[in-house]
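K.L.:
Chains as they are written, first to last, in my numbering: chain Y, 1185 to 1305; chain S, 1185 to 1305. Glycine residues also receive a C-beta, built at the ideal position from the N, C-alpha and C atoms. All figures in this text were calculated on a predicted structure; none of them were measured in a lab.
#1: Do the CB positions of residue 1256 of chain Y and residue 1218 of chain Y come within less than 8 Å of each other?
#2: Indicate whether at least one CB of chain Y lies closer than 8 Å to the CB of residue 1192 of chain S.
#3: Distance, Cα to Cα, residue 1258 of chain Y vs residue 1288 of chain Y?
#4: Leaving out the 5 sequence neighbours to the left and right, which residues in its chain are closer than 6 Å to residue 1223 of chain S when beta-carbon positions are compared?
#5: If you count every other CB in all the chains shown that lies within 10 Å of the CB of residue 1196 of chain S, and 16 or more means buried, which is it?
#6: Given residue 1239 of chain Y, which residues of its chain have a CB within under 7 Å of its CB, disregarding the five upstream and five downstream residues?
#7: Report the three-state DSSP secondary structure of residue 1222 of chain S (helix, strand or coil).
#8: Could you tell me whether the Cβ of residue 1256 of chain Y comes closer than 8 Å to any Cβ of chain S?
#9: For the segment 1211–1228 of chain Y, enumerate the residues whose C-beta is nearer than 7 Å to any C-beta of chain S, in chain order.
#10: Mind listing, in chain order, the continuous beta strand (DSSP E) runs of no fewer than 3 residues lying wholly within the segment 1205–1264 of chain S?
#11: Would residue 1268 of chain S count as contacting chain Y if we go by Cβ distances under 8 Å?
#12: Who are the neighbours of residue 1209 of chain Y on chain S, taking C-beta pairs under 7 Å?
#13: Check whether the Cβ atoms of residue 1271 of chain S and residue 1209 of chain Y lie closer than 8 Å to each other.
#14: Measure from the C-beta of residue 1299 of chain S to each C-beta in chain Y and report whether the shortest distance is under 8 Å.
#15: Put residue 1272 of chain S into one of helix, strand or coil per three-state DSSP.
#16: Using a Cβ-Cβ distance cut-off of 8 Å, determine whether residue 1304 of chain Y contacts chain S.
#17: Residues of chain Y with CB closer than 9 Å to the CB of residue 1253 of chain S, please, in chain order.
#18: Measuring straight from C-alpha to C-alpha, what distance separates residue 1266 of chain S and residue 1253 of chain Y?
#19: Just how far apart, CA to CA, sit residue 1189 of chain S and residue 1297 of chain Y?
#20: Who are the neighbours of residue 1198 of chain Y on chain S, taking C-beta pairs under 8 Å?
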């Protein structure tokens, strides 16, 4: 189960690591499109676009359906829940560490000031 | 500017597409660690771990400092803000599209029911 989720996170983040693939997802968020439409819009060969769509399909982010000669793409069933959850957790921890560091600096400054005051007396 | 952000998103998502690298970030969220510590913890060669840390460093997610023979790693300055923002935007759009689809289905069901009623009269 954990391994399954790990692999899914790998695939999801890898799918998102390319600007064209993110662009395709944004475009499909507006309207469904054929692979030909997408290739034209992103100024890319059909073969190149098919590869990108393949990666997105593997990650469950896009589904495609062929009717006649036209393969239409739309947003898939996966909503990147795990990816979002992972990022949220990570950022929370980052903030906590940063807060700890800030407290430490404040504490040290306070101690130093006390020291200064004592010396002056 | 936009291109700079695009490249940064590519690097960030690519850095996150590996379970070991995500594990290293989680570990450094708990405490700083040397590359040797990390290699041991993740049951990996020093060379392998150095590569992973290099990818995280490039993405600004980790910083390292060498004191004597030991290179210590800690969480870097980048907090994956852009990655989180992109994901949030994407999920919002996904939800909107899903809501639209639901409304359409409701609308069609209502029309169909009206039709049925008319026929029965």
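P.N.:
If we stick to the structure as given:
#1: Cβ atoms of residue 1256 of chain Y and residue 1218 of chain Y: closer than 8 Å.
#2: No, because no Cβ of chain Y sits closer than 8 Å to the Cβ of residue 1192 of chain S.
#3: Those two C-alpha atoms are separated by around 50 Å.
#4: Excluding residues within five positions, the ones whose Cβ falls inside 6 Å are 1230 and 1233.
#5: Buried: at least 16 other Cβ atoms inside 10 Å.
#6: Closer than 7 Å at Cβ, skipping near neighbours: 1199 and 1205.
#7: Reduced to three states, the DSSP call for residue 1222 of chain S is helix.
#8: Nearest CB-CB separation between residue 1256 of chain Y and chain S: not below the 8 Å threshold.
#9: In summary, the residues of the segment 1211–1228 of chain Y whose CB is separated from some CB of chain S by less than 7 Å are 1213, in the order they occur in the chain.
#10: The qualifying runs are 1246–1251 and 1254–1259.
#11: Yes, its Cβ sits closer than 8 Å to a Cβ of chain Y.
#12: Correct list: 1274.
#13: Taking 8 Å as the Cβ cut-off, residue 1271 of chain S and residue 1209 of chain Y do not qualify as a contacting pair.
#14: No, no contact with chain Y.
#15: Residue 1272 of chain S sits in a helix when the DSSP states are folded into three classes.
#16: Not an interface residue.
#17: Within 9 Å Cβ-Cβ: nothing; residue 1253 of chain S doesn't reach chain Y, min ~26 Å.
#18: The straight-line gap from Cα to Cα measures roughly 38 Å.
#19: In this structure, the straight-line span from the alpha carbon of residue 1189 of chain S to that of residue 1297 of chain Y is close to 42 Å.
#20: Near residue 1198 of chain Y (Cβ distances below 8 Å), the residues of chain S are 1197, 1198 and 1201.
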